[in-house]
Amino acid sequence: MSPPFDTAARLLILRHAPLAGPGLAGRRDVAADCSDRAALDWAGAALRGAGMHWSSPALRCRQTCAALDLAPEWHPGLWEQDFGAWEEPGAMIPDLGPLAPEALVRQRPPGGESFLDMAARVQPLLEQARGTVAIVAHAGTVRAALALAVGPAALSFSVAPLSLTILSRSPAGWAVEAVNRVAP
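Numbered according to the working numbering, the sequence shown terminates at residue 408, and the numbering increases by one at each position without gaps.
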């Protein structure tokens with residue numbers, strides 16, 4: 225038996241504008257640099273036509289939404305992965321060595337969450353989408369969405385600031401239309 229026709233969805237997922245300062249943001253509530261008007265105009269045009277707008281409540285996402293003149297539904301489940309101790313000032317992400325994607329998704333930073341933990345938080349919300357939904361969120365959120373279609377290999381995708389990733393769901397499952405599309 226095939227799923228009902230009303231489960232079709234298209235996700236237009238925009239990563240927030242670049243961070244205003246260097247470093248790993250993760251769950252820290254840091255500001256975005258929304259000064260690239262041309263890139264923001266391109267992003268706004270790419271999200272036009274969505275029936276719904278969702279966003280992470282992180283400051284950098286709220287600022288990006290304001291620069292795009294969007295008034296989304298705020299969803300805490302869309303927050304970036306919690307990198308725990310790796311987010312502390314001056315901390316460095318350790319070299320984890322050669323890990324297969326299946327092992328990397330399980331790697332949990334001290335005091336943080338693994339990619340699988342984050343995906344378990346993000347994916348149920350994405351599964352609720354119906355119609356076209358524009359989402360402003362984080363690189364980790366984009367990868368969690370990509371994992372719906374490609375599994376652990378989603379960690380190998382680059383996700384630039386203000387890049388657009390598009391996924392669609394049909395009765396056959398999730399498909400990737402575009403990844404890391406940026407302003408020309």
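Note that CB positions come from ideal geometry on N, CA and C, so glycine has one too.
The stretch 375-383 makes no contact with the stretch 310-319; the number of CB pairs closer than 8 Å stays below 3.
Excluding sequence positions up to five before and after A353, its CB lies within less than 7 Å of the CB of A233 and L235, all in the same chain and listed in chain order.
For A244, no alpha helix (DSSP H) encloses it, and the DSSP letter there is neither H nor E. According to DSSP, A371 shares a beta bridge with no other residue.
A384 is the residue among L391, W398, R393 and A384 whose C-alpha sits nearest the C-alpha of A407.
The three-state reading of DSSP puts V383 in coil, since its state is none of H, G, I, E or B.
In this structure, DSSP gives A232 a state outside helix and strand, which the three-state scheme calls coil. Annotated three-state conformation of L320 is coil, per DSSP. Bridge partners of L328 according to DSSP: none are assigned.
Beyond the five residues adjoining it in sequence on each side, G336 comes within less than 6 Å, by CB distance, of D306, F307 and G308 in the same chain, given in chain order. Residue pairing by DSSP puts L388 in a beta bridge opposite L238 and R405. Within a 10 Å sphere around the beta-carbon of L323 sit fewer than 16 other beta-carbons, which makes this residue exposed.
In the displayed model, W303 falls within coil according to three-state DSSP, outside both helix and strand. DSSP, read as helix, strand or coil, puts R272 in coil. Taking the Cβ atoms as the reference, A291 lies roughly 7 Å from A241, within the contact range of under 8 Å.
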